[in-house]
Amino acid sequence: MINAENDRKYADFGIGEFICDGFFQNWIIHPDQESNAFWEAWTREHPEKAGVISESRKLLQSVHFNEDLPGEDQVEQSLARAMTTIGQEKSGESISRVGKIGRIIGAQGFRKMAAIFIGIGLCISLYYYIHERHPIEQVYATNYGTLKTLYLPDSSTLVLNAHSTVHFSESWHRNRSREVWLDGEAFFDVRHSASSGFLVHTKELTVEVLGTAFDIRQRRGKTEVVLQSGKIRVQFIHGDYSDLLMSPGEKIVYDPEKTSVTRTTIMPEHYTSWKDKRLTDVTVAQIAEYLEDNYGKRVILEDSSMAGRKIGGAVLLDNLDDALFALSTVLDVKIIQRNDTLILRPR
Amino acid sequence: MEQEIWTQIGGGDQAAYAQLYTFYYKKLYNYGRKFTSDTALLEDALQEALIAVWTGRARLEMVRTPHTYLFNSFRYILFRKIKQARKLWQYTEANAGEPEFGVEHMIIRQDMETAVKQRLAQAIRGLTGRQREAVFLRFYEGLSYDEVAEVLGISVKATYKIMSRALLQLKETLSLPLLTVLLLLRNLS
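One line per chain: the protein sequences are A and B, in this order. Throughout the first sequence, residue numbering follows my numbering, covering 1 to 347 in sequence. Throughout the second sequence, residue numbering follows my numbering, covering 1 to 189 in sequence.
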């Protein structure tokens with residue numbers, strides 16, 4: 001299925017062709033390691049098609065259906081009715097076959113049936129227990145100064161910021177929580193599923209996704225969560241804090257040292273602009289922290305009053321040297337680089 | 001559902017059947033609700049389709065694709081019951097055709113841009129019931145084109161046609177903003 005011919009075929013594809021292509025659709029419907037790898041590699045080779053691919057994905061993912069599921073007791077009642085109907089058919093059979101003896105051993109037979117029933121149930125749970133216990137873990141880590149976009153097994157996307165690590169199971173069970181463990185910072189765009197929740201674990205807290213796009217920043221001992229859209233619930237590992245339901249535009253900061261949780265309203269687009277390799281509406285201190293966290297630099301401000309100054313517009317981070325040059329012009333400072341230390345000296 | 005459970009039922013295993021019943025009851029209930037809100041009628045259709053699996057278990061091994069076979073037979077039974085009910089209530093010819101996959105069951109992801117969402121919603125209203133059903137079976141149930149064709153009782157080629165028309169109709173909604181931009185540019189120059 002994945003071959004050179006396919007590869008060439010897709011080079012001429014537009015959105016219309018992609019969304020109607022069975023192989024492309026399969027990636028959206030049942031994403032797995034193989035298809036993720038194929039499309040990741042393909043997009044790398046055809047970077048000009050990245051926009052088309054992402055639009056096509058978005059379009060196919062935008063369509064959903066209502067889920068109308070019956071209540072558990074309704075299912076049970078229906079099953080009981082069906083089993084009665086079947087039982088009548090069954091006992092009719094046995095009477096004609098074995099006559100009266102069949103009726104006498106009926107009760108015993110029922111007990112035997114029940115035992116088999118339980119036995120099968122145990123086997124099934126044991127099977128799942130063993131299988132679920134040993135899933136293969138995928139681990140991704142980024143170095144200083146690099147971002148990585150990852151597709152998760154359910155085709156949700158994750159942008160991993162520099163100097164961060166995530167791991168998650170290679171395949172996700174349809175009716176179970178999708179779980180990701182994070183150390184560092186990542187932006188999540190989670191595919192909605194009515195049948196399985198989405199959990200992101202960090203050392204200090206767990207975010208349960210009820211909707212969609214959010215950022216977790218676990219840096220400098222603190223953990224910050226910013227919700228861009230949808231709805232999430234944050235559960236703290238520390239037992240003293242109760243769960244928090246967050247609304248879009250909110251930011252919470254958990255500081256285990258001060259044992260405090262603060263909640264503020266911010267512009268989430270600014271907070272998460274790092275994933276587009278830019279920083280928006282930030283102070284000099286925030287830029288300094290960012291360079292330390294994501295580039296492994298140590299930043300020294302010779303004039304500490306500079307820390308609170310706000311930079312209007314966006315700082316582009318495509319290239320660190322360009323960013324530093326822009327910074328030096330805007331702030332009117334000289335930037336001295338010594339190994340991994342940056343000194344900002346007023347001119 | 002694994003092939004194995006069908007084999008077990010073929011061998012007369014009631015426990016396996018109960019497991020299958022629960023699994024498909026939910027699945028087919030969800031599917032059937034897209035065509036009718038009459039839950040009593042739906043329950044009857046589910047019972048009939050699922051009990052037929054047990055009574056016909058001796059023939060199960062001859063069914064190559066039991067999963068789609070069950071979808072197809074449930075659909076057939078449900079449609080028959082809906083039509084019977086219509087006759088009973090003497091509905092007019094406005095309701096004479098095939099039961100339709102309700103437009104209200106196809107929805108747009110919450111976090112889409114409002115303008116795009118509105119256009120997509122409009123495009124969905126423009127789809128036929130058959131198109132919505134095909135998209136549901138492919139993208140919600142995750143069936144292959146061959147399987148969708150089997151459930152709908154049509155050819156694979158016809159399925160491709162129905163599906164691509166539906167998807168391209170949805171795609172049209174996305175190209176609108178680009179078109180507007182191009183028109184604006186032309187007016188400016």
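A virtual CB, placed ideally from N, CA and C, is assigned to each residue, including glycine.
Does any residue of chain B bring its CB to less than 9 angstroms from the CB of residue i?
i	result
A:T85	yes
A:S62	yes
A:I28	yes
A:L158	no
A:H192	yes
A:I53	no
A:Q337	no
A:H167	no
A:G22	yes
A:Y10	no
A:Q360	Chain A is shown from 1 up to 347; residue 360 of chain A falls before or after that span and cannot be answered.
A:M1	Residue placement at A:M1 is poorly supported in this model, since its pLDDT is 49, which falls under 50; the coordinates still yield a value, given next. No, no contact with chain B.
A:H131	Any reading at A:H131 needs caution, since the residue's pLDDT is 48, under 50, leaving its predicted position unreliable; the model's value is listed next. With 9 angstroms as the cut-off, A:H131 does not count as an interface residue toward chain B.
Express the C-alpha separation of residue j and residue i in angstroms, rounding to a whole number.
i	j	result
A:V98	B:L60	A caution first: A:V98 carries a pLDDT of 36, below 50, which makes its placement in the model too unreliable to give a value.
A:V299	A:P31	42 angstroms
B:R57	B:A18	13 angstroms
A:R174	A:S196	7 angstroms
B:K171	B:Q47	39 angstroms
A:S148	B:Y31	At residue 148 of chain A the sequence reads Lys, which differs from the Ser that was named. About 39 angstroms.
B:R80	A:L199	44 angstroms
A:H201	A:W274	21 angstroms
A:G239	A:E204	11 angstroms
A:V234	A:Y295	28 angstroms
B:I77	B:A45	6 angstroms
B:P99	A:I29	27 angstroms
A:H192	B:G10	37 angstroms
A:S94	A:Q77	A caution first: A:S94 carries a pLDDT of 39, below 50, which makes its placement in the model unreliable, though a value can still be read off. Each residue's alpha carbon lies about 25 angstroms from the other.
Does any residue of chain A have a CB that is nearer than 9 angstroms to the CB of residue i?
i	result
B:N30	yes
B:S155	no
B:G142	yes
B:A162	At residue 162 of chain B the sequence reads Ile, which differs from the Ala that was named. No - not a single Cβ of chain A is within 9 angstroms of the one on B:I162.
B:R33	yes
B:R125	no
B:V116	yes
B:E98	no
B:Q3	no
B:E150	no
B:Q131	no
B:E61	no
B:E147	no
Would residue i and residue j qualify as a contact pair, given that the criterion is a beta-carbon distance under 9 angstroms?
i	j	result
B:W54	A:I86	yes
B:F136	B:M106	yes
A:L210	A:V180	no
A:D293	A:R219	yes
A:V63	A:G14	no
A:V284	A:A307	yes
B:M163	B:Q131	yes
A:N281	A:H270	The amino acid at residue 281 of chain A is misidentified as Asn; the sequence shows Asp. Yes. Within cutoff.
A:D243	A:T212	no
A:A80	B:L50	no
A:T380	A:K297	Since the first residue shown for chain A is 1 and the last is 347, residue 380 of chain A is missing from the structure and cannot be characterised.
Can you list the residues of chain A that residue i reaches, using a CB-CB cut of under 8 angstroms?
i	result
B:Y24	In chain order: nothing, as chain A lies at least about 10 angstroms away.
Listing by chain order, which chain A residues have their CB less than 9 angstroms from the CB of residue i?
i	result
B:I107	V63, H64, F65, N66
B:A18	L79, A82, M83, F117
B:L120	L59, S62, V63
Given that residue i touches chain A, what residues does it touch there, using C-beta distances under 7 angstroms?
i	result
B:V135	V63
B:M112	S62
B:E43	S78
Please list the partners that residue i has in chain B, where partner means a Cβ-to-Cβ separation under 7 angstroms.
i	result
A:I19	L167, K171
A:V75	T22, Y25, K26
Should residue i be counted as a contact of the ligand FAD given a C-beta to heavy atom distance under 8 angstroms?
i	result
B:I77	The model depicted lacks the ligand FAD and carries no ligand whatsoever.
For residue i, return the contacting residues in chain B, with the cut-off set at a CB-CB distance below 8 angstroms.
i	result
A:L363	An answer regarding residue 363 of chain A cannot be provided, because it is not within the stretch 1 to 347 covered by chain A.
Residues of the segment 45-59 of chain B whose Cβ lies closer than 8 angstroms to any Cβ of chain A, in chain order
L46, Q47, L50, I51, W54, T55
Please identify, using Cβ separations under 7 angstroms, the residues of the segment 64-86 of chain B that lie next to chain A, in order along the chain.
none
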